[in-house]
Amino acid sequence: MNLPVHVVHGKKEGPVLFVSAAIHGDEINGVEIVRRLLKLKLLKSLKGTLIAIPIVNVYGFINRSRYLPDRRDLNRSFPGSYSGSLASHLARIFMNEIVAKCTHGIDIHSGSSNRTNLPQIRATLDSPEVERLANAFGAPVIVNARLRDNSLREAVIDMGIPMLLYEGGESLRFNEHPIAVGLKGVVSVMRELGMLPKKERKKVIPSIVVKSTSWVRANKSGIIHSALPLGSVVKKDQIMACIVDPIGDHEEKLLAPFEGIVIGSLNLPLVHKGDAIFHLASAESHQDLEEISDMVLAESMVNGRG
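At the far end of the sequence shown sits residue 306, using UniProt numbering, and the numbering has no gaps.
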């Protein structure tokens, strides 16, 4: 089985950017983002090189699975080894044959395990170059996220290569709003790097950098009822959902532990005690949250609610 790679060279030298998707084989929004990226006529003006990998985990993609055939998570197998498991072997090939040839990278993901994510960038903002590109991407939210052990992002950062991780939508679904935000963001980063011509940008609300994030978990098992869309702003102790007993009258309210914006949520109505229901992020001010929430709702109406 082959690893599909598209290499687009510009007429002039410049940065070498990799854009990868479907490291988790069921996260297909990124596959569509890369497909649309490669069809852009704008690439005729490319300076430098774009290396696009629409499906990194081909095995998982074919089987509609997050994992490789041996149930290993490819994104916990970097930098990999030629003498290890299939995941380790594939990770090593990716690092040597693709990442080592690049100056910058963007990896695209979606929510897992029946969860959906608000379009967001996850990055280590102690690097000025990473921070610059994160702001250029233009996602509603930037999460200053720690590096996960053996992830692609950790391995790439350890090589001294600036990299962003984009999250948006859910697995095994095409969600138009996250796809549109992701495509626009990749192009914006390429403009910032000088790979594409600069464009006069309309005044936009800058991304908010969230201080911290936390999952709000189910306080009992049952059927959950909630009308909170992604991007909703909630105040401390606001009711986020109600969990009801499917065979009785008992009802338990799920309250927000702090003021924040919903950046992720569970899609399943059946929950067990302790399940992660809402991913809540806090910001510096209430005004920041309201501005981003308004922007998210407006964009989702234009691009479709999915």
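A virtual CB, placed ideally from N, CA and C, is assigned to each residue, including glycine.
Exercise for the section: Give a yes or no on contact between the segment 55–69 and the segment 199–212, applying the rule of three or more CB pairs nearer than 8 Å. Expected result: no
Problem - Simplified DSSP state of L193, which is helix, strand or coil - result: As a working note, residue 193 is residue 193 in the sequence shown. Three-state result, L193: coil.
Exercise for the section: Please go through the same chain and pick out, in chain order, the residues whose beta-carbon is closer than 6 Å to the beta-carbon of S232, but skip the five residues on each side of it. Expected result: Looking up residue 232 in the sequence shown gives position 232. Correct list, in chain order: V262.
Exercise for the section: Note down the Cα distance separating G25 from R66, rounded to an integer number of angstroms. Expected result: For the purposes of this step, residue 25 is taken as residue 25 along the sequence shown, with counting starting at 1. For the purposes of this step, residue 66 is taken as residue 66 along the sequence shown, with counting starting at 1. Straight-line Cα distance between these residues: approximately 5 Å.
Practice task
With DSSP as the reference, label S293 as helix, strand or coil.
Solution key: Here residue 293 refers to the residue found at position 293 when the sequence shown is read from its first residue. Three-state DSSP puts S293 in a helix.
Handout entry: Residue from S45, R76, H6 and S85 with nearest C-alpha to E154
Key = For this step, residue 154 is matched to residue 154 along the sequence shown. For the residues S45, R76, H6 and S85, the minimum Cα distance to E154 belongs to R76.
Handout entry: M159 (DSSP reduced to helix, strand or coil)
Key = Counted from its first residue, the sequence shown places residue 159 at position 159. M159: coil per DSSP, three-state reduction.
Problem - Cβ shell of I161 (< 7 Å), same chain only, five flanking positions each side left out - result: To locate residue 161, count along the sequence shown from 1; it is residue 161. Only V99, C102, T103, H104 and G105 meet the Cβ criterion.
Exercise for the section: Use the C-beta contact count for V7: other C-beta atoms within 10 angstroms, 16 or more gives buried, fewer gives exposed. Expected result: The residue you call residue 7 lines up with position 7 of the sequence shown. V7 comes out exposed.
Problem - Identity of the residue in N144, K47 and A52 nearest P4 by Cα - result: Reading the sequence shown from its first residue, position 4 is the one you call residue 4. Nearest option by C-alpha distance: A52.
Problem - Limits of the alpha helix (DSSP H) - the one that N96 falls within - result: Taking the first residue of the sequence shown as position 1, residue 96 is located at position 96. Here the alpha helix (DSSP H) through N96 covers L86 to E97.
Problem - Three or more C-beta pairs below 8 Å linking the segment 133–150 and the segment 180–194 - result: yes
Exercise for the section: Decide if G185 is buried, meaning its Cβ has at least 16 other Cβ atoms within 10 Å, or exposed. Expected result: The sequence position of residue 185 within the sequence shown is 185, counting from 1. Buried, since its Cβ has 16 or more Cβ neighbours within 10 Å.
Problem - Identity of the residues DSSP links to N117 by a beta bridge - result: Taking the sequence shown and counting its residues from 1, one reaches residue 117 at position 117. N117 is bridged to G169 and G264.
Handout entry: Local conformation of A21 per DSSP, three classes
Key = The residue you call residue 21 lines up with position 21 of the sequence shown. The answer is strand: DSSP assigns A21 an E or B state.
Exercise for the section: Using beta-carbon positions only, say whether M190 and L17 come within less than 8 Å of one another. Expected result: Counting from one through the sequence shown, the residue named residue 190 turns up at place 190. Counting from one through the sequence shown, the residue named residue 17 turns up at place 17. Cβ distance < 8 Å, so M190 and L17 count as in contact.
Practice task
State the DSSP-derived secondary structure class of I205, mapped to helix, strand or coil.
Solution key: On the sequence shown, residue 205 is found 205 positions in, with the first residue counted as 1. Coil, per DSSP.
Practice task
Would you grab the beta carbon distance between G168 and P128 for me? Rounded to a whole angstrom, and I think it's under 8 Å.
Solution key: Reading the sequence shown from its first residue, position 168 is the one you call residue 168. Reading the sequence shown from its first residue, position 128 is the one you call residue 128. Their Cβ separation, rounded to whole angstroms, is 25 Å, which puts G168 and P128 out of contact at 8 Å.
Practice task
Specify, as a first and last residue, the run of the alpha helix (DSSP H) that E32 falls within.
Solution key: Stepping through the sequence shown from its first residue, residue 32 is reached at position 32. Segment N29 to L38, the alpha helix (DSSP H) holding E32.
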